[in-house]
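J.: Residue numbers (my numbering), protein chains in the order written: chain A, 2 to 406; chain B, 6 to 424. Don't be surprised by glycine CBs; every beta carbon is placed ideally from N, CA and C. Just so it is clear, the structure is predicted and the values come from calculations on it, not from any experiment. Sharing a structure, written as structure tokens. Questions coming.
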Amino acid sequence: MSRFALEGIHILDFAWVGVGPITTKYLADNGAEVIRVESAARPDVLRIGPPWKDAQPGINRSQFFASFNTSKKGITLDLSKPKARELAKRLVPWADIVVESFTPKAMRNWGLDYENLRAIRADLIMLSTCMQGQTGPNALYPGFGQLMAALSGFYNISGYGPGSCAPPYGAYSDFIAPRFSACALLAALDYRRRTGKGQFIDMSQYEAAMQNLAPALIDYFASRRVLGPRGNASDRYAPHGAYRCADEDGNERWIALAVADDDEWRAMLSSLGANSTDARFATMSGRIGNAPALDEFVGSLTRSHNAQELTVRLQAAGIAAYPVENCVDIHQDDNLESFGFWHWLDHKEMGASPYEGLSHRMSRTPGALRSPAPILGQDNDEVFREMLSLSADEIEQLKKENVIF
Amino acid sequence: MPSELLNGLRLLDLTDEKGALGAKIFADLGAEVIKVEPPQGCSTRRIPPYLDDVRDPEHCLYSLAYHAGKKSITANLASADGRELVANLAAHADFIVESHPLGYLESIGLGYETLARRNPRLIYTSITPFGDTGPGKNYNWADIVTWAAGGMMYLMGEEGKPPLQMSLPQAGLHAGAEAAVASLLAHYPRNSDGLGQRIVVNMQACIVWTLMNEQAMPFLHGNHLSRTGVFVGSADARRRMVYECKDGFISTLIAGGVVVGGSTRALIEWMGERGPVPEWMRSKDWVSWVPGVFMKLTEQDHKEIAELESTIQRFLLTMTKREIYAEVLKRRIFFAPVANAADIAADEQLRARDFWVTVPHDTLGRALTFPGAFAKMSATPIGSTTRAPRIGEHNDEIYRGLLGLAPDRIASLRAAGAI
Chain A
2 MSRFALEGIH ILDFAWVGVG PITTKYLADN GAEVIRVESA ARPDVLRIGP PWKDAQPGIN
62 RSQFFASFNT SKKGITLDLS KPKARELAKR LVPWADIVVE SFTPKAMRNW GLDYENLRAI
122 RADLIMLSTC MQGQTGPNAL YPGFGQLMAA LSGFYNISGY GPGSCAPPYG AYSDFIAPRF
182 SACALLAALD YRRRTGKGQF IDMSQYEAAM QNLAPALIDY FASRRVLGPR GNASDRYAPH
242 GAYRCADEDG NERWIALAVA DDDEWRAMLS SLGANSTDAR FATMSGRIGN APALDEFVGS
302 LTRSHNAQEL TVRLQAAGIA AYPVENCVDI HQDDNLESFG FWHWLDHKEM GASPYEGLSH
362 RMSRTPGALR SPAPILGQDN DEVFREMLSL SADEIEQLKK ENVIF
Chain B
6 MPSELLNGLR LLDLTDEKGA LGAKIFADLG AEVIKVEPPQ GCSTRRIPPY LDDVRDPEHC
66 LYSLAYHAGK KSITANLASA DGRELVANLA AHADFIVESH PLGYLESIGL GYETLARRNP
126 RLIYTSITPF GDTGPGKNYN WADIVTWAAG GMMYLMGEEG KPPLQMSLPQ AGLHAGAEAA
186 VASLLAHYPR NSDGLGQRIV VNMQACIVWT LMNEQAMPFL HGNHLSRTGV FVGSADARRR
246 MVYECKDGFI STLIAGGVVV GGSTRALIEW MGERGPVPEW MRSKDWVSWV PGVFMKLTEQ
306 DHKEIAELES TIQRFLLTMT KREIYAEVLK RRIFFAPVAN AADIAADEQL RARDFWVTVP
366 HDTLGRALTF PGAFAKMSAT PIGSTTRAPR IGEHNDEIYR GLLGLAPDRI ASLRAAGAI
């Protein structure tokens, strides 16, 4: 029986929405005990975000919330009330790590900032993550990942060419920052083990997102060259892009492919039973320089093929290719299936639905989606009774006062 | 100075563009990262574009960015001597991250099982495009195909035009960062029992993870999204995410609710100060306004959304990105400029936080400005402040200092093409 990598690690999680909860999900799915502190007075906005069970909104019906909060416990405390803040502080001695993701003033106003909490537990590790960091003139910028993806430069490199904007879906930067914040927390745990010292981690989601644009930013500072949208054009591959295949069930299908050199180009033509006498396409530089005409030609070759069969055929010829998958396709994808990516969990109110699993697999201490996301306040009785030794009467009274709320 | 955070740990970086960022994260955190390259340099040394369009490895922007803070050695894996050097280094390493074709390192005696016999502490992380068991485990790879396989490409672009990748490929960066997280997860239990393990990262899965709330849509709502340009939502209930302004684009999402509804109200007040705004917009209770992008909307909702969006569009066309951003910061409105590198370089917030790092590049005879650390850590500041190494720059340091090889032995390995 294997154990989980982070067994014995305790996390008090005040975070909400995307980056904070996804960060603690990494740790929770790997065995850390995570208690999420929420409140019905100000619910996590993802709890009311789509999709919902049977397309009907409800505080415990959102897969948006459920996906990011597996393997965690949930309690409710209305932190605008002093009694609730005292209860939260009483959980701090238990916590190796505290995580929060409000705009910077919130925890300070509640007296729950790092300086106050480290007085309770000296070796505490605390992560505060927000849009633009804890300091600076725009620290209080309110926003979410969609806006950050625009602000941090991703929208500007998404489009068909100058003057075009065709952005990534959703809150793209929310899926960059958590990998960095998880690394920072895990490394801070190692530092604490060696030195006994905790610390405060100020993570600006803006600054984390910037890591994924580093070459373009270095280039701008050095040469003032501004990277803009350029469709699927490449300086390394030609052809390179998405090409229309045969429709299936009335839906258009596309294949993505990339050809790295002239040998691959000839192999691709041969596997399609085609040839090209166009001198412009004979060399890589010619194909790159005539990409629009090349794309049209390749599109004419792929148009009659089934995208999946063409993928198998091109891959056998040594060409990087894959169908452009939609959200139905990814659930039927043989490679994701074989990896064991999808998990079905039975949520108390939502019943069974599919969840993203882990994107990696460990041989000795594999992680797992250990339980579905908590319904709001699910673990109040257990946590307040067993961890804070409150009596049933005290808990009932605090609920009446909307402190546990 | 490297960070104290992971001081004393050593990682061998056998990745290409599928994992370079992962190894760089370790360098940022203070580990000693040794990049192992073939004698002619890793393929990441030849990724365009190049600084000043000078097509040599020293000017490759990808390498300048994602090998900063690392050391570089050369080892020819096609030679028995080169393989033995890497095996000996692995005995001194805490981590290996690699992204070779599946089974290649095993086939030359550098697989996990072999190396772990000598060094049971080793954490060995393999980055794969499509996993290690499925029909695509040996598939050829380019960044665009995992962007497509992970579902993000389908959602980017306009109806009637091809699905899109970003101009700076992203899939390898996500996979590299995932490899860093997984390796550090495995490090924690090793501290108590001294045992490492093998990890497989699935890049396709890393991209699926960027789809936010969309993956379960077919199961819960019975539909799924397709690419709709600057709109989000389905054909009968969509919302504009990007508006034009005087000199570019502005991103927002107009909505109701406790959090965003206040922003919508503040926007209407702002528009009202600058010109006429329809009375219904002024009097509407935006906090309790319900229509969402995934809901069935009434005729009235559609009419209101259309009028609201056209009013906002006319309003934003009178101002620049910079003017709009300055104002929304004051008014706490959920707008963001679609920033380009010039906007980002000029951003006062990043400057106020001393985000940018200037790194001398003696190899280029100039200094380059880099994005700084991904987090500010109070006890152990992180981030790489040394330039990317030249190919094989640290051969002597590592082969002599770490493996204890005599200078004449190194010379003969070099002459034989192993280094």
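Looking at Gln147 of chain A and Ala178 of chain A, is the spacing between their C-beta atoms short of 8 Å?
T.: Residue numbering aside, residue 178 of chain A sits at position 177 when the first sequence is read from its first letter. Residue numbering aside, residue 147 of chain A sits at position 146 when the first sequence is read from its first letter. No. Outside cutoff.
J.: With DSSP collapsed to three states, give me the class of Glu249 of chain B.
T.: Here residue 249 of chain B corresponds to residue number 244 of the second sequence, with the count starting at 1. Glu249 of chain B falls in the strand class under three-state DSSP.
J.: Look at the alpha carbon of Glu326 of chain A and the alpha carbon of Ala217 of chain A, and state the distance between them as a whole number of angstroms.
T.: Start at 1 with the first residue of the first sequence, and residue 326 of chain A comes out as number 325. Start at 1 with the first residue of the first sequence, and residue 217 of chain A comes out as number 216. Computed Cα separation, rounded: 28 Å.
J.: Let me know if Ser235 of chain A comes out buried or exposed under the rule of 16 or more other beta-carbons within 10 Å of its beta-carbon.
T.: Within the first sequence, the letter at position 234 stands for residue 235 of chain A. Answer is buried; the Cβ neighbour count reaches 16.
J.: With DSSP collapsed to three states, give me the class of His433 of chain B.
T.: In the structure as shown, chain B starts at 6 and stops at 424, and residue 433 of chain B therefore has no counterpart that could be examined.
J.: Below 8 Å, how does it come out for the segment 31-39 of chain A and the segment 183-198 of chain A: are there three or more Cβ pairs, yes or no?
T.: no
J.: Just verifying my parser: in three-state terms, what is the DSSP assignment at Asp97 of chain A?
T.: Position 96 of the first sequence, counted from the start, is the residue given in the question as residue 97 of chain A. Reduced to three states, the DSSP call for Asp97 of chain A is coil.
J.: Applying a beta-carbon distance threshold of less than 7 Å, which residues of chain E neighbour Thr385 of chain B?
T.: The displayed structure is made up of protein chains A and B, and chain E is not among them.
J.: Specify, as a first and last residue, the run of the alpha helix (DSSP H) that Glu402 of chain A falls within.
T.: Stepping through the first sequence from its first residue, residue 402 of chain A is reached at position 401. Glu402 of chain A -> no alpha helix (DSSP H), and no H or E assigned at all.
J.: Starting from Glu9 of chain B, follow the beta strand (DSSP E) in both directions and report where the run begins and ends.
T.: For this step, residue 9 of chain B is matched to residue 4 along the second sequence. That residue, Glu9 of chain B, is in no beta strand (DSSP E); it is neither H nor E in DSSP.
J.: Out of A:Asp97, A:Pro83, A:Ser102 and A:Ala6, which one is the CA nearest neighbour of Ile23 of chain A?
T.: Within the first sequence, numbered from 1, the residue matching residue 23 of chain A stands at position 22. Selected option, being the one with the closest Cα: A:Ser102.
J.: With DSSP as the reference, please indicate the residues paired to His348 of chain A in a beta bridge.
T.: Taking the first sequence and counting its residues from 1, one reaches residue 348 of chain A at position 347. For His348 of chain A, which the question treats as bridged, DSSP gives the partners A:Gly352.
J.: In three-state terms, what does DSSP make of Cys184 of chain A?
T.: Position 183 of the first sequence, counted from the first residue, corresponds to residue 184 of chain A. If DSSP states are grouped into helix, strand and coil, Cys184 of chain A belongs with the helices.
J.: Would you tell me roughly how many angstroms separate the C-alpha atoms of Gln1 of chain A and Leu118 of chain A, rounded to the nearest one?
T.: In the structure as shown, chain A starts at 2 and stops at 406, and residue 1 of chain A therefore has no counterpart that could be examined.
J.: Just to confirm, is the Cβ distance from Gly136 of chain B to Ser271 of chain A under 8 Å?
T.: On the second sequence, residue 136 of chain B is found 131 positions in, with the first residue counted as 1. On the first sequence, residue 271 of chain A is found 270 positions in, with the first residue counted as 1. No.
J.: For Gly74 of chain B and Ser48 of chain B, I'd like the C-alpha separation in whole angstroms.
T.: Residue 74 of chain B sits at position 69 when you count from the first residue of the second sequence. Residue 48 of chain B sits at position 43 when you count from the first residue of the second sequence. Going from the Cα of Gly74 of chain B to the Cα of Ser48 of chain B covers about 18 Å.
J.: Quick one: complete alpha helix (DSSP H) runs, 4+ long, within the segment 199-250 of chain B?
T.: Residue ranges of uninterrupted alpha helix (DSSP H) with 4 or more members, entirely inside the segment 199-250 of chain B and ordered along the chain, are 208-213 and 222-225.
J.: Give me the DSSP bridge partner(s) of Phe254 of chain B.
T.: Here residue 254 of chain B is taken as the residue at index 249 of the second sequence, counted from 1. DSSP output for Phe254 of chain B lists B:Glu249 as bridge partner(s).
J.: Identify the continuous alpha helix (DSSP H) that holds Met149 of chain A and give its terminal residues.
T.: Position 148 of the first sequence, counted from the first residue, corresponds to residue 149 of chain A. Run containing Met149 of chain A: Gly146 to Leu152, per the alpha helix (DSSP H) assignment.
J.: 8 Å is my cut-off, CB to CB: does Asn213 of chain A come that close to chain B?
T.: In the first sequence, the residue the question calls residue 213 of chain A occupies position 212. Among the residues facing chain B, Asn213 of chain A is included, as its CB has a counterpart in that chain under 8 Å away.
J.: Given this structure, state the Cα-to-Cα distance separating Pro283 of chain B from Val343 of chain B, to the nearest angstrom.
T.: By 1-based counting over the second sequence, the position of residue 283 of chain B is 278. By 1-based counting over the second sequence, the position of residue 343 of chain B is 338. Approximately 28 Å, taken between the alpha carbons.
J.: Could you name the residues of chain A that Leu66 of chain B contacts, counting a contact when the two beta carbons are closer than 9 Å?
T.: Locating residue 66 of chain B in the second sequence gives position 61, counting from the first residue. By Cβ distance, chain A contributes Ala215, Pro216, Ala217, Ile219, Asp220 and Ala223.
J.: Could you tell me which chain A residues have their CB closer than 7 Å to the CB of Cys211 of chain B, listed as they occur along the chain?
T.: Residue numbering aside, residue 211 of chain B sits at position 206 when the second sequence is read from its first letter. Residues of chain A passing the Cβ test: Ser360.
J.: Going by other Cβ atoms of all chains shown within 10 Å of its Cβ, with 16 needed for buried, is Asn157 of chain A buried or exposed?
T.: Walking along the first sequence from the start, residue 157 of chain A turns up at place 156. So Asn157 of chain A ends up on the buried side.
J.: Under the criterion of a Cβ to heavy atom distance below 7 Å, does Met286 of chain B qualify as lining the ligand GDP?
T.: The model on display carries no ligand, and the ligand GDP is accordingly not part of it.
J.: Where does Phe339 of chain B fall in DSSP's three states?
T.: Translated into the one-based positions of the second sequence, residue 339 of chain B becomes position 334. For Phe339 of chain B, the three-state secondary structure derived from DSSP is coil.
J.: How about Leu7 of chain A: is its C-beta nearer than 8 Å to some C-beta of chain B?
T.: By one-based count along the first sequence, residue 7 of chain A stands at place 6. Judged by the 8 Å Cβ criterion, Leu7 of chain A is in contact with chain B.
J.: Report yes or no: do the segment 376-385 of chain B and the segment 285-296 of chain B share at least 3 C-beta pairs separated by less than 8 Å?
T.: no
J.: Would you mind listing the beta strand (DSSP E) stretches within the segment 107-137 of chain A that are 3+ residues and don't spill past its ends, in chain order?
T.: 126-131
J.: Take Ala321 of chain A and list the residues in its own chain whose beta-carbon comes closer than 7 Å to its own, dropping the five residues that flank it on each side.
T.: If you number the first sequence from 1, residue 321 of chain A lands on position 320. Within the same chain, Ala321 of chain A has close Cβ partners Leu258 and Ala259.
J.: Helix, strand or coil, according to DSSP, for Leu19 of chain B in the structure here?
T.: By one-based count along the second sequence, residue 19 of chain B stands at place 14. In the structure shown, Leu19 of chain B sits in a strand (DSSP, three-state: E or B).
J.: For the segment 63-79 of chain A against the segment 39-53 of chain A, are there 3 or more C-beta pairs whose distance is under 8 Å?
T.: yes
J.: Would Glu208 of chain A count as contacting chain B if we go by Cβ distances under 8 Å?
T.: For the purposes of this step, residue 208 of chain A is taken as residue 207 along the first sequence, with counting starting at 1. So, interface residue.
J.: What is the C-beta distance between Arg395 of chain B and Glu63 of chain B, in whole angstroms, given that I count them as a contact (C-beta under 8 Å)?
T.: Residue mapping note: residue 395 of chain B aligns to position 390 of the second sequence, counting from 1. Residue mapping note: residue 63 of chain B aligns to position 58 of the second sequence, counting from 1. 7 Å between Cβ atoms; contact.
J.: Would a check of beta-carbon distances place Phe236 of chain B closer than 8 Å to chain A?
T.: Here the question's residue 236 of chain B lines up with position 231 in the second sequence. So no, Phe236 of chain B is outside the interface.
J.: Taking the straight line between their C-alpha atoms, what separation do you get for Ala247 of chain A and Ala215 of chain A?
T.: Position 246 of the first sequence, counted from the first residue, corresponds to residue 247 of chain A. Position 214 of the first sequence, counted from the first residue, corresponds to residue 215 of chain A. Spanning the two alpha carbons is a distance of roughly 38 Å.
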